[in-house]
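Chains as they are written, first to last, in the working numbering: chain A, 487 to 660; chain B, 487 to 660. Remarks on the structure that follows.
There are 2 protein chains.
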Amino acid sequence: MREPAIKSGSGQGPENLLFLTDEQIRGGIEAFFFAYRAFTADPDEILEGMDYGRAHHRALHFIARKPGLKVSALLDILGVTKQSLNRVLRALLKDGLVESRVGKRDRRERLLYLTSAGAELERRLSEAQRARVRAAYRAAGPQAVAGFRTVLEAMMDEAGARQFREMRSAEAAE
Amino acid sequence: MREPAIKSGSGQGPENLLFLTDEQIRGGIEAFFFAYRAFTADPDEILEGMDYGRAHHRALHFIARKPGLKVSALLDILGVTKQSLNRVLRALLKDGLVESRVGKRDRRERLLYLTSAGAELERRLSEAQRARVRAAYRAAGPQAVAGFRTVLEAMMDEAGARQFREMRSAEAAE
DNA sequence: CTTTTTAAGTCAGTGTTGTTGACTTTCCAA
DNA sequence: TTGGAAAGTCAACAACACTGACTTAAAAAG
Chain A
487 MREPAIKSGS GQGPENLLFL TDEQIRGGIE AFFFAYRAFT ADPDEILEGM
537 DYGRAHHRAL HFIARKPGLK VSALLDILGV TKQSLNRVLR ALLKDGLVES
587 RVGKRDRRER LLYLTSAGAE LERRLSEAQR ARVRAAYRAA GPQAVAGFRT
637 VLEAMMDEAG ARQFREMRSA EAAE
Chain B
487 MREPAIKSGS GQGPENLLFL TDEQIRGGIE AFFFAYRAFT ADPDEILEGM
537 DYGRAHHRAL HFIARKPGLK VSALLDILGV TKQSLNRVLR ALLKDGLVES
587 RVGKRDRRER LLYLTSAGAE LERRLSEAQR ARVRAAYRAA GPQAVAGFRT
637 VLEAMMDEAG ARQFREMRSA EAAE
């Protein structure tokens, strides 16, 4: 990195705050922008030509992550309207990539599962994305990765952080 | 952090690779997703109601960063088509937020500048975004921030990395 | 001094993903 | 039995991307 290496110079300050200058922050914003673009590019490329897009990828991802996810929970995670998700989900159901089962506890609920075809596509998309992240992690090293995660978690808003924690917790939805 | 703290356990391995497990990678992917959403939410909220959107914000950001930017350079940075950028730029020009001057060296070129009104809006948007990043940086600490930046730069593709470097270099376009 | 190429801008049409608003069906729960 | 929650649907619309075809102006090449 080109950072001025947090030089402990200034003398009297209780802590070095060089990493909080507007220049540093702007640099972070731009790095975030360019990195996120690369991050989404690989799965987008796979989807291109198929009748699916990024929205389908996101649905597949979270259903893969939490098999038996309720529609309302997915709605919450994605932060889109019911109507918007419905278009996506309808296509995935019609094409047999996702299966919707009636809830046992509450028969109004629809629990979402990937079919084997759905799991296969999800794996392809996910692997493309993971390959890039894995390469970046490997190049950056464990300490940088820990810092990366710390900053990302600090950047989330309350809703996102809650969803993230729920996502990381073990239990499936049903 | 909830990471298993890179425990040096396994014994024989030359290095610890626990941070490269698929679970860790997937966690990173989700953290990236949720953090990026929060990252874009604040300026989006300001733009809401105005006739502008995220695309306008991006154009303002990079013109602010590199006053005198050529249209073709902005096209390159944003990675969109001329037609797509044109719609955005036309609105910003019409509303007097951006000014386009004929290039001195090459009179075909149009050099883009923010007007004072453009600079003011850009500042508002940027400050909202920077506030979040600054808070996250402060909470995470300098070491984490350095790691964050290292991973982001490692994640960019070639085109993005090149644009990022150019963006960070001092000289204006003209 | 023509011809070709480059930079910018435009028009028309299309696709994906998001939004509101209104409404239905099914089913749990008070 | 009635009220509300979960899911699904229809219609209309907006933002932002795309392709393809074309114009204008000016630089560069011949």
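Glycine included, every Cβ here is placed at the ideal spot set by N, Cα and C. This one's a predicted model, so the numbers in the text were calculated from it and none came from an experiment.
Could you pull the start and end residues of the beta strand (DSSP E) that residue i belongs to?
i: residue 584 of chain B; result: 584-588
Residue range of the alpha helix (DSSP H) that residue i falls in?
i: residue 571 of chain B; result: 568-580
i: residue 662 of chain A; result: Given that chain A is displayed from residue 487 to residue 660, the structure contains no residue 662 of chain A and the question cannot be resolved.
i: residue 591 of chain B; result: Premise fails: residue 591 of chain B is in no alpha helix (DSSP H) and is neither H nor E.
i: residue 602 of chain A; result: 602-626
i: residue 653 of chain A; result: 644-654
Output yes if chain A places a C-beta closer than 9 Å to the C-beta of residue i; else output no.
i: residue 641 of chain B; result: yes
i: residue 647 of chain B; result: yes
i: residue 654 of chain B; result: yes
i: residue 544 of chain B; result: yes
i: residue 565 of chain B; result: yes
i: residue 592 of chain B; result: no
i: residue 508 of chain B; result: yes
So which residues of chain B does residue i contact, with C-beta pairs closer than 8 Å?
i: residue 549 of chain A; result: Per Cβ cutoff of 8 Å: no residues; residue 549 of chain A is ~13 Å from chain B at best.
i: residue 604 of chain A; result: Under the 8 Å cutoff, chain B gives no residues; its nearest Cβ is about 17 Å from residue 604 of chain A.
With the cut-off set at 9 Å, would you say residue i and residue j are in Cβ contact?
i: residue 598 of chain B; j: residue 612 of chain B; result: no
i: residue 583 of chain A; j: residue 614 of chain A; result: no
i: residue 633 of chain B; j: residue 631 of chain A; result: yes
i: residue 550 of chain A; j: residue 605 of chain A; result: yes
i: residue 539 of chain B; j: residue 546 of chain B; result: no
i: residue 527 of chain A; j: residue 643 of chain B; result: yes
i: residue 514 of chain A; j: residue 623 of chain B; result: yes
i: residue 523 of chain A; j: residue 565 of chain B; result: yes
i: residue 575 of chain A; j: residue 567 of chain A; result: no
i: residue 653 of chain A; j: residue 521 of chain B; result: no
i: residue 508 of chain A; j: residue 593 of chain B; result: no
i: residue 517 of chain A; j: residue 639 of chain B; result: yes
Please list the partners that residue i has in chain A, where partner means a Cβ-to-Cβ separation under 7 Å.
i: residue 529 of chain B; result: By Cβ distance, chain A contributes nothing, its closest Cβ being about 10 Å from residue 529 of chain B, past 7 Å.
i: residue 638 of chain B; result: 517, 518, 521
Can you check whether the C-beta of residue i is within less than 9 Å of a C-beta belonging to chain B?
i: residue 505 of chain A; result: yes
i: residue 554 of chain A; result: no
i: residue 600 of chain A; result: no
i: residue 496 of chain A; result: At residue 496 of chain A, the pLDDT of 42 sits below 50, so the modelled position is not reliable and the matter cannot be decided from this model.
i: residue 610 of chain A; result: no
i: residue 629 of chain A; result: yes
i: residue 514 of chain A; result: yes
Which one or two residues does DSSP pair with residue i in a beta bridge?
i: residue 538 of chain A; result: In the DSSP output, where bridge partners are listed per residue, residue 538 of chain A has none listed.
i: residue 556 of chain B; result: B/597
Taking residue i as the query, report the chain B residues whose CB atoms sit under 7 Å from its CB, ordered along the chain.
i: residue 562 of chain A; result: Result: empty, since nearest Cβ-Cβ is about 12 Å, beyond 7 Å.
Can you name the residues of chain A whose CB is closer than 8 Å to the CB of residue i?
i: residue 540 of chain B; result: None at all; the shortest Cβ gap to chain A is about 11 Å.
i: residue 511 of chain B; result: 616, 619, 620, 623
i: residue 626 of chain B; result: 633, 636, 637, 640
i: residue 524 of chain B; result: 641, 642, 643, 646
i: residue 502 of chain B; result: 628
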